[in-house]
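**Q** Residue numbers (the numbering used here), protein chains in the order written: chain A, 57 to 201; chain B, 57 to 201; chain C, 57 to 201; chain D, 57 to 201.
Built from N, CA and C at the ideal position, the CB exists for glycine as well.
Remember, predicted model here, so these are calculated numbers, not experimental data.
There are 4 protein chains.
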Amino acid sequence: MQKKTKTPFSREVLTQFLQVSPFHLWLDLQFGEITDEGLEIIMPWRPEIVSIPEPRQVVHGGILASLIDLAGLYAVMSQGGQPSGTAYVHVDYHRQATSGPFVAVSKVLKIGNTLSTAETSILGPDNTLLASGRGGYPRATDKFY
Amino acid sequence: MQKKTKTPFSREVLTQFLQVSPFHLWLDLQFGEITDEGLEIIMPWRPEIVSIPEPRQVVHGGILASLIDLAGLYAVMSQGGQPSGTAYVHVDYHRQATSGPFVAVSKVLKIGNTLSTAETSILGPDNTLLASGRGGYPRATDKFY
Amino acid sequence: MQKKTKTPFSREVLTQFLQVSPFHLWLDLQFGEITDEGLEIIMPWRPEIVSIPEPRQVVHGGILASLIDLAGLYAVMSQGGQPSGTAYVHVDYHRQATSGPFVAVSKVLKIGNTLSTAETSILGPDNTLLASGRGGYPRATDKFY
Amino acid sequence: MQKKTKTPFSREVLTQFLQVSPFHLWLDLQFGEITDEGLEIIMPWRPEIVSIPEPRQVVHGGILASLIDLAGLYAVMSQGGQPSGTAYVHVDYHRQATSGPFVAVSKVLKIGNTLSTAETSILGPDNTLLASGRGGYPRATDKFY
């Protein structure tokens, strides 16, 4: 479906990259399934991610946006893309996220020469669609900024 | 420019709302200027918000997306809107964010009956535009979900 | 998956709605498959939709954005939503669209009380993904503006 | 504010580019003011752009999305960017567009090495904000697709 620009990164290498980021470590992320279309990232609950504390705790939209952003980037890396970062992200919020863990399911739309794109869904414990969105990731060999 | 749906919230009330959220407290946010178009929110650096640690530390895009999301929501509240949360957010990343503090400057585009919109720019210490974007905020009196 | 808010519109009723719009008639749209998740809309080539005429004709991105916008709206209608119009649309362009017909495949993400969302892919004659995106559609019973 | 990558195109050259596109000719576009931040594009009413014909005629969102897409691209060209096309566009619809002419006011956010961005507002005859949005435009020297 999409053009592979180089050998995709392995789970081990992806995990090393993921754990280089202090924010990713703080979010306590780990990979779920990695397929030939994309991958899953699992995030547990933690008290600091709450936006609205009452009447029931709801996760902040920015945390879900972070997951959609980063899951798309790793999905691109898992399919042979070499992203240097994120150019843009769009997120739709569908339902309040009131309990974890959360699974980000990300699928590559296109591995491009300049920009790769991926779409990501955030599912709650019962597979409910909580949020979904997409991001664009410029190629690392380009001088993006 | 935009229709006011009720008396806008004061700085004191906005600050109370802002500090209800554990994620906002973790981000250590505070309001800057509040005008008749929107407002500013200031966020300091903290080590856990880093995405790329080397060769120089870069803030994670999800943190900037969080700021754009929440600054727009408070901008809507400051102009008489009554948002129940965020329906969607779009973020463009312009430059790497390598030092703080960060100022989110948010301006209301429209206070609507169903949905209000605001656009937000994230500026670095030297007023460089780091990221910008926009969000849509459904009215609290609606049953959004 | 999504909550049905009322009996979905039939193909006949959807077709009547589609053909009320002068712009839709100009685009010469017709429905393809209608499923329990969404629907397809087919658009032929016409000379006025060209953006770049040489070295080979490429369809204007605004035409593909129009298709993504309207296909999502009709997908929402096909699943029991009652959209009053479009609140927002996001479009990613993946490949140049150089020959038709084009098929917009649209799937509802959520039928909501305030806002429904749908995602749409535009496929070329050989099923190549040309563009994709998503839109949000406020409920008709709300006074959106 | 933004880095100039080469001498910006003049109004004459921009007009030549604009009129190469059959879709732009169909929309009957012309430039308004061109400043050192961006430019304006003016579009008249025409019957085929209508989405909803009754009780009063409303312009199709796809037409406004087209304007936001193309005005941003020409704004980038007017500031020294060399876009090859559009990578993505995001549009918010604020009010129904019921009479023309329409003015798209577009301002460059960033001229980038890989991607340039611009934001655009669509104003009605009385300067009412009808829609607004932003687009990302890859550099022509890159092989985008």
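8 Å is my cut-off, CB to CB: does S188(B) come that close to chain D?
**A** Here residue 188(B) refers to the residue found at position 132 when the second sequence is read from its first residue. Output row for S188(B): interface = yes.
**Q** Note down, in chain order, each residue of its chain lying with its Cβ closer than 7 Å to the Cβ of I90(A), except the 5 sequence neighbours on either side.
**A** In the first sequence, the residue the question calls residue 90(A) occupies position 34. Counting only Cβ-Cβ distances below 7 Å, and skipping sequence neighbours, we find R67 and S134.
**Q** What is the DSSP secondary structure of A174(A), counted as helix, strand or coil?
**A** By one-based count along the first sequence, residue 174(A) stands at place 118. A174(A): strand per DSSP, three-state reduction.
**Q** With a cut-off of 8 Å, do at least 3 Cβ pairs link the stretch 175 to 184 of chain D to the stretch 77 to 92 of chain B?
**A** They do not touch, by the three-pair rule.
**Q** I'd like the span of the alpha helix (DSSP H) that includes A187(B), first residue to last.
**A** Taking the first residue of the second sequence as 1, we reach residue 187(B) at position 131. Run containing A187(B): none in the alpha helix (DSSP H); it sits in the beta strand (DSSP E), L185 to P194.
**Q** Distance, Cα to Cα, L126(B) vs V132(B)?
**A** Here residue 126(B) is taken as the residue at index 70 of the second sequence, counted from 1. Here residue 132(B) is taken as the residue at index 76 of the second sequence, counted from 1. L126(B) and V132(B): Cα-Cα distance of roughly 10 Å.
**Q** Distance cutoff 8 Å, beta carbons only. Does D182(C) sit that close to anything in chain D?
**A** As a first step, residue 182(C) is located in the third sequence; it is residue number 126 there, counting from the start. With 8 Å as the cut-off, D182(C) does not count as an interface residue toward chain D.
**Q** Among all the DSSP beta bridges, which residues are the ones paired with S162(B)?
**A** Reading the second sequence from its first residue, position 106 is the one you call residue 162(B). Per DSSP, L95(B) and T176(B).
**Q** Which residue from V69(B), S140(B), W101(B) and K166(B) puts its Cα closest to that of L123(B)?
**A** As a first step, residue 123(B) is located in the second sequence; it is residue number 67 there, counting from the start. L123(B) has its Cα closest to that of W101(B), out of V69(B), S140(B), W101(B) and K166(B).
**Q** Is the Cβ of L83(C) closer than 8 Å to any Cβ of chain B?
**A** Residue 83(C) sits at position 27 when you count from the first residue of the third sequence. So, not an interface residue.
**Q** Report the option in A187(A), T173(A) and F65(A) whose CA atom is closest to the CA atom of Y144(A).
**A** If you number the first sequence from 1, residue 144(A) lands on position 88. When only C-alpha atoms are compared, the closest one is T173(A).
**Q** Taking 8 Å as the CB-CB limit, is L120(B) close to chain D?
**A** Taking the second sequence and counting its residues from 1, the one referred to as residue 120(B) is at position 64. No, L120(B) lies away from the interface with chain D (no Cβ there is under 8 Å from its Cβ).
**Q** Would a check of beta-carbon distances place L171(D) closer than 8 Å to chain A?
**A** Numbered from 1 along the fourth sequence, position 115 holds the residue referred to as residue 171(D). L171(D) counts as touching chain A.
**Q** Closer than 7 Å by C-beta to I105(A): which residues in its own chain qualify, once you throw out the five before and the five after it? Chain order, please.
**A** Here residue 105(A) corresponds to residue number 49 of the first sequence, with the count starting at 1. Same-chain partners within the cutoff: V115, H116 and I119.
**Q** Chain C beta carbons: is any one of them nearer than 8 Å to that of I167(D)?
**A** For the purposes of this step, residue 167(D) is taken as residue 111 along the fourth sequence, with counting starting at 1. Chain C contact via Cβ: absent.
**Q** With a threshold of 16 other CB atoms inside 10 Å of the CB of K59(A), please say whether the residue is buried or exposed.
**A** Within the first sequence, the letter at position 3 stands for residue 59(A). The predicted position of K59(A) is uncertain, since its pLDDT is 48 and thus under 50; no value can be drawn from it.
**Q** The beta strand (DSSP E) with Q86(B) in it runs from where to where?
**A** Numbered from its first residue, the second sequence carries residue 86(B) at position 30. First-last of the beta strand (DSSP E) with Q86(B): Q86 to I90.
**Q** Counting only Cβ pairs nearer than 8 Å, list the residues of chain A close to Y193(B).
**A** Residue numbering aside, residue 193(B) sits at position 137 when the second sequence is read from its first letter. Those within 8 Å of Y193(B) in chain A number zero; the least Cβ separation is about 10 Å.
**Q** On the premise that T142(A) lies in contact with P194(D), defined as a C-beta separation below 8 Å, what is that separation, rounded to the nearest angstrom?
**A** The residue given as residue 194(D) occupies position 138 in the fourth sequence. The residue given as residue 142(A) occupies position 86 in the first sequence. Actually they are not in contact, since the Cβ atoms of P194(D) and T142(A) sit about 15 Å apart, beyond 8 Å.
**Q** Below 8 Å on the Cβ atoms is my contact criterion, and I expect L185(B) with H150(B) to pass it. Report the Cβ-Cβ distance as a whole number of Å.
**A** Here residue 185(B) refers to the residue found at position 129 when the second sequence is read from its first residue. Here residue 150(B) refers to the residue found at position 94 when the second sequence is read from its first residue. At roughly 5 Å, the Cβ-Cβ gap stays under 8 Å, so L185(B) and H150(B) are in contact.
**Q** Examine chain A for any beta-carbon lying closer than 8 Å to the beta-carbon of T142(B), and answer yes or no.
**A** Locating residue 142(B) in the second sequence gives position 86, counting from the first residue. Chain A contact via Cβ: present.
**Q** If you measure from the beta carbon of D148(D) to each beta carbon in chain C, is any gap under 8 Å?
**A** Taking the first residue of the fourth sequence as 1, we reach residue 148(D) at position 92. Cβ-Cβ to chain C under 8 Å: yes for D148(D).
**Q** Quick check on this structure: which residue in V69(B), Q138(B) and P111(B) has the alpha carbon closest to the alpha carbon of G168(B)?
**A** Numbered from 1 along the second sequence, position 112 holds the residue referred to as residue 168(B). Checking every option, the nearest Cα to that of G168(B) belongs to Q138(B).
**Q** Looking at chain C, is there any beta carbon in it that lies within less than 8 Å of the beta carbon of S107(B)?
**A** Here residue 107(B) refers to the residue found at position 51 of the second sequence. Cβ-Cβ to chain C under 8 Å: no for S107(B).
**Q** Which residues bound the beta strand (DSSP E) around H150(D)?
**A** Taking the first residue of the fourth sequence as position 1, residue 150(D) is located at position 94. Neither: H150(D) is in no beta strand (DSSP E) and is coded neither H nor E.
**Q** Applying the criterion that 16 or more other CB atoms from any shown protein chain within 10 Å of the CB defines a buried residue, is E110(C) buried or exposed?
**A** Reading the third sequence from its first residue, position 54 is the one you call residue 110(C). With fewer than 16 Cβ atoms within 10 Å of its Cβ, E110(C) is classed as exposed.
**Q** By a C-beta neighbour count over all protein chains shown, 10 Å radius and 16 as the cutoff for buried, is A187(B) buried or exposed?
**A** Within the second sequence, residue 187(B) is the residue found at index 131, counting from 1. By the neighbour-count rule (16 or more Cβ atoms within 10 Å), A187(B) is buried.
**Q** Sorted by chain position, which residues of the same chain lie with C-beta nearer than 6 Å to R112(A)'s C-beta, five sequence neighbours on each side aside?
**A** Start at 1 with the first residue of the first sequence, and residue 112(A) comes out as number 56. Excluding positions up to five away in sequence, the list reads T154.
**Q** With a cut-off of 8 Å, does the C-beta of L179(C) fall near any C-beta of chain A?
**A** Here residue 179(C) refers to the residue found at position 123 when the third sequence is read from its first residue. Taking Cβ atoms only, chain A never reaches closer than 8 Å to L179(C), which makes this a no.
**Q** So which of L129(A), K166(A), A196(A) and G192(A) has the shortest CA-CA distance to E96(A)?
**A** The residue you call residue 96(A) lines up with position 40 of the first sequence. Of the listed residues, the one whose Cα sits closest to E96(A) is L129(A).
**Q** Label D148(B) either buried or exposed according to how many other C-beta atoms from any shown protein chain fall within 10 Å of its C-beta, with 16 as the threshold for buried.
**A** Working through the second sequence from its first residue, we reach residue 148(B) at position 92. Classification for D148(B): buried.
**Q** How would you write the range of the beta strand (DSSP E) that I108(B) sits in, first residue to last?
**A** As a working note, residue 108(B) is residue 52 in the second sequence. Unbroken beta strand (DSSP E) run through I108(B): V106 to I108.
**Q** Is there a Cβ of chain C sitting closer than 8 Å to that of L129(A), yes or no?
**A** Walking along the first sequence from the start, residue 129(A) turns up at place 73. So no, L129(A) is outside the interface.
**Q** Applying a beta-carbon distance threshold of less than 7 Å, which residues of chain B neighbour E104(A)?
**A** Here residue 104(A) refers to the residue found at position 48 when the first sequence is read from its first residue. The contacting residues are P78, F79 and W82.
**Q** Would a C-beta distance cut-off of 8 Å place P181(D) and I98(D) closer than the cut-off?
**A** For the purposes of this step, residue 181(D) is taken as the residue at position 125 of the fourth sequence. For the purposes of this step, residue 98(D) is taken as the residue at position 42 of the fourth sequence. Cβ distance not < 8 Å, so P181(D) and I98(D) don't count as in contact.
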